[in-house]
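Protein chains in written order, with our numbering: chain A, 4 to 242; chain B, 741 to 1048. Every residue, glycine too, gets a C-beta built ideally from N, C-alpha and C.
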Amino acid sequence: MLELKDIFFSVEGVEIIRGINLTVENNKFVVITGPNGGGKSTLARLIMGIEKPTSGKIILDGQDITNADITERAKLGIGFAFQQPVRFKGIEVFDLLKMAAGGKLTFNKACDYLSAVGLCAQDYINREVNSSLSGGEVKRIEIATILARKTKLSIFDEPEAGIDLWSFKHLIQIFEDMRQNIINSSIIIISHQERILSIADEIIVLADGQIKNRGAAEKILPEIIDTESVIQECEKLKR
Amino acid sequence: MFKLDEIQRRLIAEVAGLHKVPIGAYNFRANSQLAGRNSTANIEISSKDDGSGIDIRIKDGTKNESVHIPVVLSASGIKETVYNDFYIGENCDVVIVAGCGIDNCGNQDSEHDGIHRFFVGKNSKIKYVEKHYGSGDGAGQRILNPVTEVSLNDDSFMEMEMVQIKGVDSTKRVTTAELKAGAKIIVRERLMTHGAQKAFSTYKITLDGENSGADVVSRGVAKEKSYQKLDLCVIGNAPCNGHTECDSIIMDEGKILAVPSLEANHVDAVLFHEAAIGKIAGDQLIKLMTLGLTAQEAEEQIISGFLK
Ligand SMILES: Nc1ncnc2c1ncn2[C@@H]1O[C@H](COP(=O)(O)OP(=O)(O)O)[C@@H](O)[C@H]1O
Ligand SMILES: [Mg+2]
Chain A
4 MLELKDIFFS VEGVEIIRGI NLTVENNKFV VITGPNGGGK STLARLIMGI
54 EKPTSGKIIL DGQDITNADI TERAKLGIGF AFQQPVRFKG IEVFDLLKMA
104 AGGKLTFNKA CDYLSAVGLC AQDYINREVN SSLSGGEVKR IEIATILARK
154 TKLSIFDEPE AGIDLWSFKH LIQIFEDMRQ NIINSSIIII SHQERILSIA
204 DEIIVLADGQ IKNRGAAEKI LPEIIDTESV IQECEKLKR
Chain B
741 MFKLDEIQRR LIAEVAGLHK VPIGAYNFRA NSQLAGRNST ANIEISSKDD
791 GSGIDIRIKD GTKNESVHIP VVLSASGIKE TVYNDFYIGE NCDVVIVAGC
841 GIDNCGNQDS EHDGIHRFFV GKNSKIKYVE KHYGSGDGAG QRILNPVTEV
891 SLNDDSFMEM EMVQIKGVDS TKRVTTAELK AGAKIIVRER LMTHGAQKAF
941 STYKITLDGE NSGADVVSRG VAKEKSYQKL DLCVIGNAPC NGHTECDSII
991 MDEGKILAVP SLEANHVDAV LFHEAAIGKI AGDQLIKLMT LGLTAQEAEE
1041 QIISGFLK
């Protein structure tokens, strides 16, 4: 269980996160949405420890982790798939998955994680995670690293961004499976996709660094369906 | 392995990846003495008459064979200059593994200056691997100054992997190559310096023949107070393609000077270079830390990947 208590965050006097209180219970699938620049990625970075709040507390399973660094939080079971995945010269997909798995990983297991994100393991396992991979490919590898970690709290920042339509269907399947199989863990997804929003236990609408709206998908989705927070699937087809 | 002590065996494993006597032709040199040699039906290794080094002669059409010529120095205070000449026939396909390991626990400098010359025949394909390594904690320096001269005949191909990852206090590497028509060279250099080490690496690749080509990539990591100077030059004297790239990670108080240069003497010479120096990207460290690595472990992984 994750609790955010009165979180504020400012950079050079500019408040980016302005008083967020949020509890994510175990076995919950929470989707954060809202306009661009609303502070969603910043909130995810605060939870992962990449940024430290100016004030407020972050509690994981009853333990105050406000001052814990990134590595400590990772070891406590928080995982984070970046909105813009990082590339590395010379580090291969298998190396990255192995690090994610904690240093030990069989070839078969690695193949499972790659297949789960729709990548043919044979073709990718020894590819370098460098600029030769397309945006959609690194995005899927990024998601595979979280699958390999087996985290208590996983945060995915706009996993659908840069992913083509076919893969998108596959991706939705991954998240639907995750939602089905959630055991003693929780998932936070930052997304604009109606399909992802519709399977949420709770939707949080974040704008101007504050929670503007929250509640069950059935309640929130109709309220925000025509705003920039939500992209319906058909629109993607039109583009 | 014959005539080698523990330290020498370890050095050989580091520089040539050998844990036992290799198959094929070999020449082992330890503390300036011959420690073992084998010629094969197609590859003949012989000492030069004046004792200054060895000649390696590879017959026309030799395929899928290898030559290992590792050198180790495990005594303090050795200074040697060795000339090794490779005469490679036509239509060959061979792997050549050279390399030098120095272990110096003493107070005197140990130095190995190897001059390797390659005369590659028409249509031959060579993979050359050279690893340099130093160990031992004596005050004496470990010095390696390799000179490599390559002459590639028509339509031949050479791939060079030049690696110096650890323990060499001072190195001046000079590599020159001259390419005839249709010949290609690929160079992959990996350099890591630490402590107060200094490494100078110079490449001068001359593309003389029509449709010759070169791709020279040097990746370096300069840690602590070490210094690297990379000087990569490609000269195009004919319709040809040349590319050089210096890509360096700088750490601590390291210093790096990258000087890529191009010279075109023919209107159809197509040459370009890239050079980049920078510290490890912060988001790379962050990403690996989110996987549970400490900052230091993350740094090690990034560097070992970069130098792979
Ligand atoms: N380190 C930072 N320094 C300055 N401004 C930042 C920093 N991080 C985020 N911001 C600003 O905070 C706002 C929220 O950004 P972000 O969290 O990326 O929004 P979202 O993910 O919802 O699109 C944006 O206006 C962004 O420019
Ligand atoms: Mg964002």
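| query | result |
| --- | --- |
| Under 8 angstroms by beta carbon: chain B residues contacting Arg152/A | Leu1031, Gly1032 |
| CB contact below 9 angstroms: Lys1027/B versus chain A | yes |
| Same chain, Cβ closer than 8 angstroms to Glu163/A, neighbours up to 5 away in sequence not counted | Phe171, Leu174, Ser194, His195, Gln196, Ile199 |
| Terminal residues of the beta strand (DSSP E) in which Phe897/B lies | 897 to 906 |
| Any beta strand (DSSP E) of 3 or more consecutive residues that is wholly inside the region 161 to 205 of chain A | 189 to 193 |
| Lys819/B versus Lys963/B: straight-line alpha-carbon distance, rounded | 27 angstroms |
| Proximity test, Pro38/A beta-carbon vs ligand 1 heavy atom, cut-off 8 angstroms | yes |
| Backbone CA spacing between Gly953/B and Ile798/B [nearest angstrom] | 24 angstroms |
| CB contact below 9 angstroms: Ala998/B versus chain A | no |
| Closer than 9 angstroms to chain A by CB, Phe1012/B | no |
| Rounded distance between the beta-carbons of Val837/B and Ala756/B, thought under 8 angstroms | 5 angstroms |
| Where Pro88/A falls, given that 16 or more other Cβ within 10 Å makes a residue buried | buried |
| For Cys845/B, the three-state DSSP class (helix, strand or coil) | coil |
| Cβ-based burial, Gly16/A [other Cβ within 10 Å; buried from 16] | exposed |
| Collapsed DSSP secondary structure at Lys2/A in the structure displayed | One cannot answer for residue 2/A here, as it falls past the ends of chain A, which runs 4 to 242. |
| Length of the line joining the Cα atoms of Glu2/A and Lys215/A | Here chain A comprises residues numbered 4 to 242, so residue 2/A is not present and cannot be evaluated. |
| Status (buried if at least 16 other CB within 10 Å, exposed otherwise) for His852/B | buried |
| Backbone secondary structure at Asn893/B - three-state DSSP | coil |
| Inter-residue Cα distance where the pair is Ala923/B and Leu751/B | 34 angstroms |
| Residues from the region 853 to 877 of chain B in contact with chain A, defined by Cβ distance under 7 angstroms | none |
| Selection of the region 160 to 174 of chain A by Cβ proximity to chain B, strictly under 9 angstroms | none |
| Inside the region 782 to 834 of chain B only - beta strand (DSSP E) runs reaching at least 3 residues | 783 to 787, 793 to 798, 803 to 813, 819 to 828 |
| Endpoints, alpha helix (DSSP H) assigned at Ser1044/B | 1035 to 1046 |
| Per-residue contacts from Phe83/A into chain B (C-beta, under 8 angstroms) | Thr1030 |
| Burial state of Ala250/A, where buried means 16 or more other Cβ atoms lie within 10 Å | The requested residue 250/A is not part of the displayed model; chain A covers only 4 to 242. |
| Contact test: Thr230/A Cβ vs ligand 1 heavy atom, cutoff 8 angstroms | no |
| Lys142/A beta carbon near ligand 1 (any heavy atom closer than 8 angstroms) | no |
| CB contact check: His808/B to chain A, cutoff 9 angstroms | no |
| Short Cβ contact (9 angstroms threshold) for Asp948/B with Lys965/B | no |
| Contacting residues, own chain, Cβ-Cβ under 6 angstroms from Leu228/A (five flanking each side not counted) | Before going on, a small fix: residue 228/A reads as Ile here, not Leu. Cβ neighbours of Ile228/A beyond the five flanking positions: none. |
| Short CB-CB distance (under 9 angstroms) between Arg242/A and chain B | Legend: pLDDT at Arg242/A = 45, less than 50; position of this residue unreliable, no value from coordinates given. |
| Where Ala936/B falls, given that 16 or more other Cβ within 10 Å makes a residue buried | exposed |
| Per-residue burial, Lys241/A [other beta carbons within 10 Å of its own, 16 or more giving buried] | The predicted model places Lys241/A with a pLDDT of 45, which falls under 50 and marks its position as unreliable; any figure quoted below should be read in that light. Result: exposed. |
| Members of the region 106 to 124 of chain A that neighbour chain B once the beta carbon cut-off is set at 8 angstroms | none |
| Close Cβ partners of Thr942/B (< 6 angstroms) along its chain, the five nearest in sequence each way excluded | Val914, Asp971 |
| Buried versus exposed call for Gly41/A [16 or more other C-beta atoms within 10 Å across all chains shown] | buried |
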